[in-house]
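Below you'll find the structure, written out as structure tokens, and then a few comments.
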């Protein structure tokens with residue numbers, strides 16, 4: 007979802023998302039991609055205006071595995087078992 011923010015900022019956010027995915031890998035969750043982390047973070051902004059850059063950075067870096075897993079489970083239920 008590049009239209010959410012500018013392309014150059016999106017690339018910077020993906021670097022942070024990659025870092026978070028690597029953190030989850032250390033915790034034993036090995037199938038999480040940076041793009042999935044990004045989708046989880048921006049799902050919290052549905053219906054809101056574009057968040058500030060510092061809010062995006064904070065939300066990415068403070069994302070907990072429990073919040074990510076809740077996001078995955080809810081999407082799985084919405085999509086009839088397809089992740």
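In this note's numbering, the protein residues as written are 7 to 89. Glycine residues also receive a C-beta, built at the ideal position from the N, C-alpha and C atoms.
### Message
Taking the straight line between their C-alpha atoms, what separation do you get for residue 24 and residue 11?
### Response
Position 18 of the chain shown, counting from 1, holds the residue named residue 24. Position 5 of the chain shown, counting from 1, holds the residue named residue 11. Straight-line Cα distance between these residues: approximately 17 Å.
### Message
Check this for me: beta carbons of residue 26 and residue 66, under 7 Å apart or not?
### Response
Reading the chain shown from its first residue, position 20 is the one you call residue 26. Reading the chain shown from its first residue, position 60 is the one you call residue 66. Result yes, Cβ atoms of residue 26 and residue 66 sit closer than 7 Å.
### Query
In whole angstroms, what is the alpha-carbon distance linking residue 74 and residue 22?
By one-based count along the chain shown, residue 74 stands at place 68. By one-based count along the chain shown, residue 22 stands at place 16. Going from the Cα of residue 74 to the Cα of residue 22 covers about 15 Å.
### Message
With a threshold of 6 Å on Cβ separation, who are the neighbours of residue 46 within its own chain once the five nearest residues in sequence on each side are excluded?
### Response
On the chain shown, position 40 is the one that residue 46 refers to. Excluding sequence neighbours, residue 46 sits near 74, 77.
### C-alpha distance - residue 39 paired with residue 18, whole-angstrom precision
Position 33 of the chain shown, counted from the first residue, corresponds to residue 39. Position 12 of the chain shown, counted from the first residue, corresponds to residue 18. Residue 39 and residue 18: Cα-Cα distance of roughly 15 Å.
### Straight-line Cα distance separating residue 68 from residue 33
Taking the chain shown and counting its residues from 1, the one referred to as residue 33 is at position 27. Taking the chain shown and counting its residues from 1, the one referred to as residue 68 is at position 62. Answer to the nearest angstrom: the Cα atoms are 15 Å apart.
#### Entry: Span separating the alpha-carbon of residue 51 from that of residue 37
Along the chain shown, read from residue 1 onward, the residue named residue 51 stands at position 45. Along the chain shown, read from residue 1 onward, the residue named residue 37 stands at position 31. Those two C-alpha atoms are separated by around 24 Å.
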